[in-house]
Structures are given as structure tokens and as C-alpha cells.
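First the structure, in the form of C-alpha cells, and then the observations on it.
Numbering (my numbering), first residue to last: 9 to 212.
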């Protein structure tokens with residue numbers, strides 16, 4: 009019988025205990041780095057037994073990914089009927105998220121862990137993909153409405169937009185304010201409308 013099946017057959021898990029464990033995981037990760045985090049250390053920090061941790065997660069990587077997802081949740085942007093409005097809302101959401109010191113530590117730790125452990129990188133990749141996915145959808149809606157030039161490289165533009173805020177927030181540790189949002193939106197809107205093909209090479 010798998011560990012997941014055993015969990016389903018056992019007593020319901022206490023959500024408050026789960027939260028304490030995840031908090032302890034992130035505290036340790038920030039203090040000692042990915043490689044030095046152990047289930048023993050997490051259990052000790054959380055004040056629970058190792059079996060209590062293993063009832064919820066079968067391995068350290070699984071625990072760390074759950075901890076990331078608990079505190080860093082990129083929001084999807086609904087169809088607002090306007091490419092500019094959706095990009096603005098997207099960047100405001102990311103700016104608000106990156107203002108949290110905890111989120112900045114988590115994101116920096118996650119990227120560092122990805123360089124240290126290929127298996128962790130593979131397991132956390134679906135979570136990482138959620139960041140550009142929302143922007144890709146916004147760009148695709150803009151193309152469908154005729155607001156964005158149809159030859160736009162959706163993947164590259166989404167990466168550029170996400171990367172600019174990530175670099176400023178996580179690498180430079182500088183805040184992302186409304187002025188930053190307006191500046192980036194202005195640059196995007198100057199580049200993407202149909203008719204800019206000859207001026208700005210954003211095509212595939």
C-alpha cells in the first residue's frame with residue numbers, strides 16, 4: 009500500500025499542524041539553504057515527530073514544493089476586455105506579491121535549489137510555469153482581439169515581462185511601485201500594437 013493510500017485511510021490531518029510544519033520548513037530553508045534542510049530538522053523546529061511530517065509528505069522535495077505553493081500563489085488575470093488593462097493588473101499583482109520579504113526569500117531560495125538539485129528542478133517546474141502562463145494567456149487574448157500584432161513571439165514576450173519584475177524585486181531587491189508598472193506597460197504598449205512590425209522586432 010502506498011503512503012498516499014495510507015494517508016487516505018488514516019485519521020484526517022490537522023490543518024493547523026500542517027501550517028506549523030510548512031512555516032518551519034520555510035524558516036529553515038531561509039536560514040541554512042536547500043541542501044541542509046532535513047526532515048529531522050523540520051520536525052524539531054515545528055515541535056512534531058518525524059512520522060507526523062511523513063504522514064503528509066513522502067520526501068523533502070515534496071515538502072518544500074508544498075511550502076512554496078502555500079506562500080507564493082501567482083493569480084490568474086480574468087478577461088478584462090483590454091490588453092492594456094490585463095497587463096496592468098498582472099504587473100500590479102506581481103508587484104504586490106514581490107513586496108513580501110517572505111515571498112522574495114522563497115523565490116530566491118527556489119532558484120538556488122533548482123541549480124543544486126536537478127530532480128527538485130524537474131518537480132518544481134510545473135509551479136514555475138504558472139508565472140509566465142498567465143501572461144501568455146493575456147497576450148493570446150490580445151492577439152485574438154486584434155490589439156497585439158499577430159506575429160508576436162508569445163513565449164519570449166511573456167518571459168521578458170515576468171523577468172523584468174523578478175530581476176528588480178529578487179535580484180536587485182528594489183521595490184516595484186505604481187510608477188514601475190506604468191513604465192513597463194507603456195513600453196509594452198509601444199511595441200505590440202499591429203503596425204509596429206517594422207519598428208520593433210518582436211516576431212517569431
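C-beta: ideal position from N, C-alpha, C; glycine also.
query                                                                                   : result
Residue of 109, 78, 33 minimising C-alpha distance to residue 183                       : 109
According to DSSP, residues forming a beta bridge with residue 26                       : Residue 26 pairs with nothing; no bridge assigned.
Anticipated Cβ contact below 8 Å, residue 132 with residue 122, distance rounded        : 7 Å
Test item: CB-CB of residue 128 and residue 69 under 7 Å                                : yes
Element boundaries [alpha helix (DSSP H), containing residue 123]                       : 109-124
Whether residue 36 touches residue 45 by CB criterion (7 Å)                             : yes
Whole-angstrom distance between residue 102 and residue 195, CA atom to CA atom         : 17 Å
Residue 24 burial status per 10 Å Cβ neighbour count (16 or more: buried)               : exposed
8 Å contact criterion, which residue 50 and residue 40 should meet: CB distance rounded : So it is not a contact: roughly 11 Å between Cβ atoms.
Whole-Å CB distance - residue 92 paired with residue 197, under 8 Å assumed             : 6 Å
Proximity below 7 Å, CB of residue 142 to CB of residue 84                              : yes
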